[in-house]
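Everything below concerns the one structure shown next.
Number of protein chains: 2
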Amino acid sequence: MENVDYPGRWKRCRAFMEAQDIDLLALTPGPNMTYMTGFLETPGERLLTALFPRDGEPRMVVPALYEEQVHREGWIGDVRAWKDGDDQAAFLLEQMSDAAGLVNVALDTRMWARFVLMFHRALPGALLQDAEGLMQELRIVKGPEEISILRRAHEATDRAMAAVVESLEEGQVERDVANTIRNALMAAGADAASFRPIAASGPNGSQPHYRFGDRVLRRGDAVVLDFGGMFAGYYTDVTRTVFLGKADDTQRKVYELVKEANERAVDAARAGTPAEEVDREARRVITDGGYGDHFIHRTGHGIGLEVHEEPYIVEGSKRPLEEGMAFSVEPGIYLPDRFGVRIENIVLVEDGRARRLDRYPRDLQVISS
Amino acid sequence: MENVDYPGRWKRCRAFMEAQDIDLLALTPGPNMTYMTGFLETPGERLLTALFPRDGEPRMVVPALYEEQVHREGWIGDVRAWKDGDDQAAFLLEQMSDAAGLVNVALDTRMWARFVLMFHRALPGALLQDAEGLMQELRIVKGPEEISILRRAHEATDRAMAAVVESLEEGQVERDVANTIRNALMAAGADAASFRPIAASGPNGSQPHYRFGDRVLRRGDAVVLDFGGMFAGYYTDVTRTVFLGKADDTQRKVYELVKEANERAVDAARAGTPAEEVDREARRVITDGGYGDHFIHRTGHGIGLEVHEEPYIVEGSKRPLEEGMAFSVEPGIYLPDRFGVRIENIVLVEDGRARRLDRYPRDLQVISS
Chain W
1 MENVDYPGRW KRCRAFMEAQ DIDLLALTPG PNMTYMTGFL ETPGERLLTA LFPRDGEPRM
61 VVPALYEEQV HREGWIGDVR AWKDGDDQAA FLLEQMSDAA GLVNVALDTR MWARFVLMFH
121 RALPGALLQD AEGLMQELRI VKGPEEISIL RRAHEATDRA MAAVVESLEE GQVERDVANT
181 IRNALMAAGA DAASFRPIAA SGPNGSQPHY RFGDRVLRRG DAVVLDFGGM FAGYYTDVTR
241 TVFLGKADDT QRKVYELVKE ANERAVDAAR AGTPAEEVDR EARRVITDGG YGDHFIHRTG
301 HGIGLEVHEE PYIVEGSKRP LEEGMAFSVE PGIYLPDRFG VRIENIVLVE DGRARRLDRY
361 PRDLQVISS
Chain V
1001 MENVDYPGRW KRCRAFMEAQ DIDLLALTPG PNMTYMTGFL ETPGERLLTA LFPRDGEPRM
1061 VVPALYEEQV HREGWIGDVR AWKDGDDQAA FLLEQMSDAA GLVNVALDTR MWARFVLMFH
1121 RALPGALLQD AEGLMQELRI VKGPEEISIL RRAHEATDRA MAAVVESLEE GQVERDVANT
1181 IRNALMAAGA DAASFRPIAA SGPNGSQPHY RFGDRVLRRG DAVVLDFGGM FAGYYTDVTR
1241 TVFLGKADDT QRKVYELVKE ANERAVDAAR AGTPAEEVDR EARRVITDGG YGDHFIHRTG
1301 HGIGLEVHEE PYIVEGSKRP LEEGMAFSVE PGIYLPDRFG VRIENIVLVE DGRARRLDRY
1361 PRDLQVISS
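These protein sequences, in sequence, are chains W and V.
Throughout the first sequence, residue numbering follows the working numbering, covering 1 to 369 in sequence.
Throughout the second sequence, residue numbering follows the working numbering, covering 1001 to 1369 in sequence.
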C-alpha cells in the first residue's frame, strides 16, 4: 500500500519484540505479512516467509515466481528466491544460518503446520511461540490511513446492502441472493468478498454460519444477510435481517430485542470500557427478554486486515476499549428449525464513543413484492 | 457431500495410518477435513478439528456455533462443542485425555501455528509430523464421484472462459475484466472463485501471479486470463492468453512455442510416466525455442479439493502418473516489462492418456473490436 510508513511499523514491532524478548519473527502470507511488508498474497503450499530478526534487518524467502512481485509491492530489499524443485526446508535452513543460536522465535499464527515443522527442524533449540499476541498488539489500534480505508469500505458496503435488499423478493433461491450480494460488492468497488456470503432464509437462519443453499425464499421468512468486501486488503462485515411479505409477532418481538441489544451494546462501547462489558450489555437485553439460551456466540470481533481479529467482544476479555479500535457488534437470536435474527454493525471508537461505520438502516423491514 | 462413502474413506485412511505407524490424525477446516468428514468450512481463529485415532473412533472438536452445522453436513456423530470464552487449549487437552501416550501424531498441513502449538502442549511426548503425505496419497487418485464433479466443473468453466473472451475489448480496465470473470463463473454455477482471478494485460502478464489492477487494456496487448471456480468443494483452474487488435512477430512466436509446449507435455502425460518427464517435455520445447530462462515455474499441479495438490508436475518428481489423477499442464513464457503468455489445461489420466477436461480452444486469438 502506498503512503504507509513500513519502516516505522518495523521499528514499533522491534520495540515490542524487545519488550517480549522475541529474537525472531517469521510471517506468512496473510494479514500480518501485508501489515509489515505491503505484500498481499494468499497462503499456499510454497514456502513464502518474511523474517524479522530483532538484531538484524528484515529479509524475505520467496518462490522465484513471486520475486518480481515482492520487489514491486513490498519495501524489503533483501529477497531470497528458491526455485520449484529446490528443497524448501534446506533452502530455509541456509537463509537462517545466522539464526542458529536464537531462542525465542515467534511464528505467524496462520503459518501452516508444514512450515511450522520446517522452522522446528531449522531451529532445533528454539522455543516456538505464537506471534499472535505481538501482531494483534501492533494492529489493534488503527492508524489514520487504515481508518480512512475502513470508512470508505463501509460506505461502499452500505451501497451493496441497499442494492441487495432492494432486489430481494419471494421465489428467489438463496444461491441467487448470494450472487446478487457478490455482484453488489464488486459494483461497489470491492476487490473480493470478505467470505462466502450468508443468505440464510427461514429455518436456515438458525445456524449462525450457514451460507446459502437451494432453498426458495417464501412469504413470512426472516432472511439473514451477512456479508462484506475486501478493499485494499481491509475487510468489511455487516448483517441485516429483513422479512418477506409479513413478520409474525414472535419474529417482531425477537427482532426488536436483537435491535435493542445492538443499540445498548454500541452505547456501552466507550473508550476505557472492558470489552466483556459490551458483550454483557447485549446479553443482558436478550436474557431479560427470555432468549438468553438462543444467543449462542460472542457479541463481536475486531476487524481490519482480518475479518476476525482483536479486540474480541466476549465474556472474559477485560481489555479496555481504546480510540482507534474497530469491531463488530452483532447480537443474534437463533431458534432452531424456525428462524434467526442478527444485526451487525462495525463501529470505530472515536472521541471516546463507538460510532457506526456502516449506516444502512436497522429498523424492522418487511419487504412486499 | 451426498453419495460419498465416508466410512469407507476412513477405513482406507486407517490402513495408511497403520502402514505409516501414525497414532493420531488431526485435521483442520480445509480440503482434508472436507474429504474425510464432508464438512466444508474456511479456516478461522476458533479451534475446529477432526480427530482420527488409529485405534478409536473419529470425533470432532468444534465451536458451539458450528455444532448444528457439523451434525447436518458431516457423518461423525461424536461432536464436542466449546463455547466462546472457554479456554480452547484446555478444552482440547480434555478431549485428548485418552491420547496422552500417543507418539506419532500427524497434523493437517494447513493447520495454523496457533493450533499446532496447542497440540504440541497437549501432547508433550508426541512427535508431530506433517499429515500431507498421508492425505495426498488418499486424495491423489480421484474416485468416480469426484471425476464426475470435476468434469462438469470444467465444462462450466469453459462457458465462463467463452463469455469472458467474448466480452474483452480495448479500453477496459483489468479490474473490470476480473469482475466479468467472477460474474461469468457465478453464472456458470460456481459457488465461489477458486482464487482472485488473473487478468494481466501487457507488461503485467510477465508476473505469473499478478492478479489485476487499474491498467487499461490497449491494442497490441497480450492478456493472460487465469481463473477457476469452486463447485461442490472441487476447484477448476484454466488459463488462456489472447491478443487485442494485433499480435506482433515476437508475440506470435512466443505464443506458438507455449502452445507447442502445452501440447507436447499433454501428449507425454501417460499412465506410468514419471511426473518430471512431463515437465521436461514442456521445458525442452521452450528451451529449444530460446526462451528457457523465461519459463520460471513448474509445468503443473494436481487439482481437486485444492487448487494446488499432488501430483506436482515438476523436476524431481519421479512419481508415475496413474489412472484417475487430475492435474494442470501450464507452460508459460514471461518477458519482464513486455508481456507474458501461459496456456493452462486441466487433464485427467484415463485409459492410459491425459485428456483435457477444459475444452475452450487454444489457438492464437486476436480480438478485434
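Glycine residues also receive a C-beta, built at the ideal position from the N, C-alpha and C atoms.
Just so we're clear, the structure is a prediction, and the values are computed from it rather than from any experiment.
Under 8 Å between C-beta atoms of residue 138 of chain W and residue 357 of chain W: Using a Cβ distance threshold of 8 Å, residue 138 of chain W and residue 357 of chain W do not count as a contacting pair.
For residue 1179 of chain V, return the contacting residues in chain W, with the cut-off set at a CB-CB distance below 9 Å. Annotation: Cβ neighbours of residue 1179 of chain V in chain W (cutoff 9 Å, chain order): 183, 186, 187.
Ranges of the alpha helix (DSSP H) found wholly within the region 280 to 345 of chain W, counting only runs of at least 4: Given a length threshold of 4 residues, the region 280 to 345 of chain W has no whole run of the alpha helix (DSSP H) inside it.
Looking only at its chain, what residues have a beta carbon closer than 8 Å to the beta carbon of residue 1035 of chain V, apart from the 5 residues adjacent to it on each side? Within the same chain, residue 1035 of chain V has close Cβ partners 1009, 1135, 1138, 1139, 1305.
Indicate the three-state DSSP secondary structure (helix, strand or coil) for residue 236 of chain W in the structure shown. Here residue 236 of chain W sits in coil by DSSP.
Where are the beta strand (DSSP E) runs, 3 residues long or more, that stay fully inside the region 1161 to 1222 of chain V, in chain order? If we require 3 residues or more, the beta strand (DSSP E) runs fully inside the region 1161 to 1222 of chain V come out as 1198 to 1201.
What would DSSP say about residue 24 of chain W, mapped onto helix, strand or coil? If DSSP states are grouped into helix, strand and coil, residue 24 of chain W belongs with the strands.
Going along the chain, which residues of its own chain have a beta-carbon closer than 6 Å to the beta-carbon of residue 58 of chain W, five neighbours each way excluded? So the list reads 52, 76, once near-sequence residues are dropped.
Residues of the region 332 to 362 of chain W with Cβ closer than 8 Å to any Cβ of chain V, in chain order: Against chain V - using a Cβ distance shorter than 8 Å - the residues of the region 332 to 362 of chain W are 336.
Under a Cβ-count criterion, where at least 16 other Cβ atoms within 10 Å of its own Cβ denotes burial, should residue 1105 of chain V be classed as buried or exposed? Buried is the call here.
For chain W, is any of its Cβ atoms less than 8 Å away from the one on residue 1136 of chain V? So no, residue 1136 of chain V is outside the interface.
Between residue 1307 of chain V and residue 1236 of chain V, what straight-line distance do the alpha-carbon atoms span, to the nearest angstrom? Straight across, the Cα-Cα distance linking residue 1307 of chain V with residue 1236 of chain V is about 7 Å.
Taking 6 Å as the limit between beta carbons, can you name the residues of its chain near residue 81 of chain W, skipping five residues before and five after? Excluding positions up to five away in sequence, the list reads 62, 64, 67.
What are the start and end residues of each continuous beta strand (DSSP E) run of 3 or more residues lying completely inside the region 1043 to 1129 of chain V, in chain order? Scanning the region 1043 to 1129 of chain V from its first residue to its last, the whole beta strand (DSSP E) runs of 3-plus residues come out as 1049 to 1053, 1059 to 1063, 1079 to 1082, 1104 to 1107.
Contact defined as beta carbons within less than 8 Å: I believe residue 1244 of chain V pairs with residue 1220 of chain V. What is the distance between those atoms, to the nearest angstrom? With a contact defined as Cβ atoms closer than 8 Å, residue 1244 of chain V and residue 1220 of chain V qualify at about 7 Å.
Which residues of chain W have a Cβ atom closer than 8 Å to the Cβ of residue 1130 of chain V, listed in chain order? Ordered by position in chain W, the residues that pass the 8 Å Cβ test against residue 1130 of chain V are 113, 114, 117.
Do you know offhand how far residue 161 of chain W's Cα is from residue 222 of chain W's? Straight through space, the alpha carbons of residue 222 of chain W and residue 161 of chain W are spaced by roughly 16 Å.
To be precise: take each residue of the region 85 to 112 of chain W, compare its Cβ to all Cβ atoms of chain V, and keep it if any distance is under 7 Å. Which residues remain? Hits within the stretch, in order: 85, 107, 108, 109, 110, 111, 112.
Could you check whether residue 330 of chain W and residue 343 of chain W sit closer than 8 Å to each other, using their CB atoms as the reference points? In this structure, residue 330 of chain W lies closer than 8 Å to residue 343 of chain W by Cβ.
Please classify residue 1276 of chain V as buried or exposed, where buried requires at least 16 other C-beta atoms within 10 Å of its C-beta. That one is buried.
So residue 1192 of chain V contacts chain W; which residues on that side make the cut at Cβ distance below 7 Å? Near residue 1192 of chain V (Cβ distances below 7 Å), the residues of chain W are 196.
Any chain W beta carbon closer than 8 Å to residue 1296 of chain V: By this cut-off, residue 1296 of chain V is an interface position.
What residues are listed by DSSP as bridge partners for residue 241 of chain W? Residue 241 of chain W pairs with W/224.
Within 8 Å of any Cβ in chain V, is that where the Cβ of residue 277 of chain W sits? So no, residue 277 of chain W is outside the interface.
Does the Cβ-Cβ distance between residue 1111 of chain V and residue 247 of chain W come in under 8 Å? No, these two residues do not count as a Cβ contact at 8 Å.
By DSSP, does residue 367 of chain W sit in helix, in strand, or in coil? Residue 367 of chain W: strand per DSSP, three-state reduction.
Regarding residue 269 of chain W and the ligand HEM, is the C-beta to nearest heavy atom distance less than 7 Å? Questions concerning the ligand HEM fall outside what the structure shown contains, since it holds no ligand whatsoever.
Considering Cα atoms alone, identify which of W/29, W/37, W/55, W/39 is closest to residue 46 of chain W. In terms of Cα proximity to residue 46 of chain W, the closest of W/29, W/37, W/55, W/39 is W/29.
What number of angstroms, rounded off, separates the C-alpha of residue 73 of chain W from the C-alpha of residue 1118 of chain V? Residue 73 of chain W and residue 1118 of chain V: Cα-Cα distance of roughly 34 Å.
Check whether the region 1310 to 1318 of chain V touches the region 1209 to 1220 of chain V, counting contact only when three or more Cβ pairs, one atom from each stretch, lie closer than 8 Å. Between the region 1310 to 1318 of chain V and the region 1209 to 1220 of chain V, the count of Cβ pairs shorter than 8 Å is below three; the stretches do not touch.
Reduced DSSP secondary structure (H/G/I, E/B, other) of residue 254 of chain W: Here residue 254 of chain W sits in helix by DSSP.
Whole-angstrom distance between residue 1198 of chain V and residue 1367 of chain V, CA atom to CA atom: Residue 1198 of chain V has its alpha-carbon roughly 18 Å from the corresponding atom of residue 1367 of chain V.
Contact list for the region 1042 to 1064 of chain V against chain W, Cβ threshold 7 Å: So the list reads 1042, 1044, 1045, 1064, given in the order they occur along the chain.
Just to confirm, is the Cβ distance from residue 1102 of chain V to residue 1128 of chain V under 8 Å? In this structure, residue 1102 of chain V keeps its C-beta atom at 8 Å or more from the C-beta atom of residue 1128 of chain V.
In chain W, what lies closer than 7 Å to residue 1207 of chain V by C-beta? The answer, in chain order, is 68, 69.
Distance, residue 296 of chain W Cα to residue 1083 of chain V Cα: Cα to Cα, the separation comes out at about 8 Å.
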